[in-house]
Structure formats: C-alpha cells, structure tokens
Amino acid sequence: MVCFVLMKYASAFLRSLAVQRKEQTLKMSSAVHENVKNYYGSRLETSDDLQTNAACVLPSKPLAKTACEALKQVHPDVCKRYFGCGLVIPEKLEGCKVLDLGSGSGRDCFVLSKLVGERGQVIGLDMTDEMISASQKYVQYHQEKFGYSKPNTVFVKGYMEKLSDAAIQNKSLDVLVSNCVICLCPDKRTVLSEAFKVLKEGGELYYSDMYASKAVPDSFKEDPVLWGEGMAGALYWRDLITLVKDIGFSTPHLVAGSHIVVHNSELQRKIGDVKYASGTYRIFKLPQNSTKSKALVTYKGSVPDCADCFEFDSSHSFKTNVQVQVDAEMAAILQNTRFSTDFDITISETLDPNENATPQVCHLSPFLLADKLGSSVKQCSKTGH
Ligand SMILES: C[S@@+](CC[C@H](N)C(=O)[O-])C[C@H]1O[C@@H](n2cnc3c(N)ncnc32)[C@H](O)[C@@H]1O
C-alpha cells in the first residue's frame, strides 16, 4: 500500500516536472523570438553589421553555373540584407516545391525561384515583419526578370516551430532549405520534426547553419547579442547526427564546411574557447519501408550542371559512367529521392562489407572539413555581383 502511494506521488511529481520544463521552454522560445525579431528587424541594416564573417564565408563547394547566374540576377537591395552562412542550392530543382525556413530578405528564395522554373514553387517563411515586407517588395521584380507569366514565389509570416499555422501542409514539399536560422531557435527538435512532417517521402532537407565545437555553456543563453548572432543557440555539431536520426531522417551528409571568425573582440572574450563553423548538410526523409542493402551504382551524367561528375557531398563524388559501391543508406537515398533516375543501381548483398561503410564521424565534422580545405575568410563576394 505504502509502495503504491509512493509510486503515485513519484509519477505526479515527474509529470509536474515535465510540465514545468515545457513551460520554461515555451517562455524561453518566445523571449528568444522577440530578441531575434528585434535583431534582424531593426538592429541590423546590412550583412556588414554582423559581428562574425558568417555572411561572408566562402563555400567549400563551388556554386553550379546556373545557380551562379541566378544569383547575379537577384536585386542588390535583397543581397545587401543577406544574413546566411552558406549556400543552400542543391542540384536538380526544376519543377520542385521548395520551402525556405527563415527566408530573411529572400536572397536564396529568388535564386531558387529561377532554378525551380515556372512550374516549380518557392515559399519563404519568416517570423519578422520587416523581413517579410523586404522580400515581398521584390517578388514582381524577379518574376519579370525571369520572364514568368505569374510569380512562383510567396513569402509567408510564421514560425518554423509551427508550420501548420502558416498553412504549410504535411508531406507537401520536395525540398526544404534554411540558411543560418536553426541556430537562432532554442527548440531544435521541434523545428526539425516540423521539417520532417512537411517533407514528402524522398524529400530533402538541405541546410546551412552555425555549429559549435562543443556544447555551448548555458551562460551564453543570457546574452542577446550571442543569441542574435547564432552563437548561443549553435548546436554542438555531433548532436545534430543523433537528433536528426532520432526524428527519422537519414544520416546527415556534409556538403560544405567553413570556419567562422568572430571579429568583435568583446564577443571573442565572451565565447572563450568555443569555436564556430558553418556547415551545410543534406538530410533525407526516406520511405519507412525502403530496403537497406549495399549497391553498385553508376551515375549517368544526367543531373543538370553535373555532366562529368556529381559531387553529392564532401565524401561522395560520382563520376559519370563509373561504377562504384555504396553503403546501404546511400543506396536507399539514390533509389528513393529525385536522383533515382540519375543512377543505374544494382543491389547486392555479396559486396565487401568493409568497403565504403556509413559515413565516418571524420566525414561529418564541418570543423575537420574546413581544416582540410583551409576555408574560412577569404575575399568575400556575398552578393554575387
Ligand atoms: C540570420 S537571418 C538569415 C536570413 C536568410 N536565411 C538569409 O540567408 O539571409 C535569420 C532569419 O531567420 C528568421 N527566424 C529566426 N527564427 C525564426 C523562427 N523560429 N521562425 C521563423 N523565422 C525565424 C529571422 O527573422 C531572420 O530573418
């Protein structure tokens, strides 16, 4: 009897702790949202006002020719307010429906607008009024520039944590992108779970974000500038891997990595020995029943802009007409996504199990990739002009 009463009290106590924790997270989220809205809505005029070189990091992967040309066509006023930290332009977008989480002034959305073509659709979502009006102002300009009979891009106000409130339907999107935004959110599990819900099966989340070299101390979270710059909320890069897999995504594939340099000495003092890097990952929502077997694959040279070689990520480069062995997860990605028609795939159980296994941690760290490529601040051309 005593035991039963104790158990009842213990479970009531645990329930109230969980409720308290949820309330705390909600309170913290709304305080952070207000601070970030203020930071990007009124405090920052142009990318030069950022306290890091984040908006200036050069991609460790060169931009494809068509993306480069599209970037040159984006209005200079839009580019002036670019606050991203990487490039979020995956291959083969013609006809796709794409959502940009935290679209800001819309630079990436307008590049995507060109690449998805008139049959495709781009939605930019942002919580800050000033950003929504700044981007909406240039929709017609880009529609005319690209010669479309009607706009293929819309900007909607909303929170990444609640995509249904912004009328984004579940399983409705081919590709999700985001550029330096998830580091501004305290509740990354909710953001990534929402992303998972709205992607179609076989869809891709391709995003750049700021990562920390270790778990960021709680004291950083009290500082509004560290939040605004993404440093307080940056995820320890290793935590991304467990988080996305736990939600149901594939292993993240690292595409690009660059060191981020903090040039404000006061902020340098505050962050101490925590280092930051920008990382671009591609992550897939695979069908639940997808078979996971190793395979021999041959790239056909058919992805636009990639006639000789398809650089899928920093450790997979598929040369045209050359057969290679891939691990079970990569085989599932190539079979179940928009790249399925670009490969000849032969499933095999008899391949050497040690060859080309699941990406190793050394292939997933944006810090190691940046070290390898020596990429950080170089001469920067963030506008493409
Ligand atoms: C660092 S800026 C990046 C903007 C844009 N992606 C770019 O590359 O220029 C971050 C943007 O994310 C938006 N944002 C931050 N947290 C958000 C949230 N929880 N939901 C929607 N938008 C958010 C901010 O309003 C801001 O415009």
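Okay, so the sequence shown: first residue is -19 according to the numbering used here, each after it adds one.
Ideal Cβ placement from N, Cα and C applies to all residues, glycine included.
Of the candidates Ile263, Phe323, Gln116, Gln305, Ile263 places its Cα closest to the Cα of Leu234. Residue pairing of Leu81 in beta bridges, as defined by DSSP: Leu105, Ser158. Here Val58 really is in contact with Arg87; their C-beta atoms are around 5 Å apart, less than 8 Å. Residue nearest to Ala175 within the set Leu215, Phe90, Gln123, Met140 is Met140 (criterion: CA-CA distance). Short of 8 Å from the beta carbon of Lys250, and not among the five residues preceding or following it, lie these beta carbons of its own chain, in chain order: Phe200, Asp203, Leu206.
The segment 185 to 196 and the segment 63 to 76 touch, with no fewer than 3 CB-CB distances between them shorter than 8 Å.
Counting the other Cβ atoms within 10 Å of the Cβ of Asn150 gives fewer than 16, which makes it exposed.
Per DSSP, Asp293 is not a residue of any alpha helix (DSSP H); the beta strand (DSSP E) it occupies stretches across 289 to 293.
A distance below 8 Å separates the beta carbons of Gly237 and Ala350. With fewer than 16 neighbouring CB atoms inside 10 Å of its own CB, Ser(-9) falls in the exposed class.
Distances from the alpha-carbon of Asn18 to those of Thr108, Gly82, Ser83 put Thr108 closest. Secondary structure of Lys299 (DSSP, three-state): strand. Note on Met111: 16 or more other CB atoms within 10 angstroms of its CB, so buried under the neighbour-count rule. Judged by DSSP in its simplified three-state form, His233 adopts strand.
In the assembly as shown, Glu246 is an exposed residue. Its beta-carbon has fewer than 16 other beta-carbons within 10 Å. Shown here for Gly281: same chain residues with a beta carbon closer than 6 Å to its own, the five before and five after excluded, namely Ala287, Thr300 in chain order.
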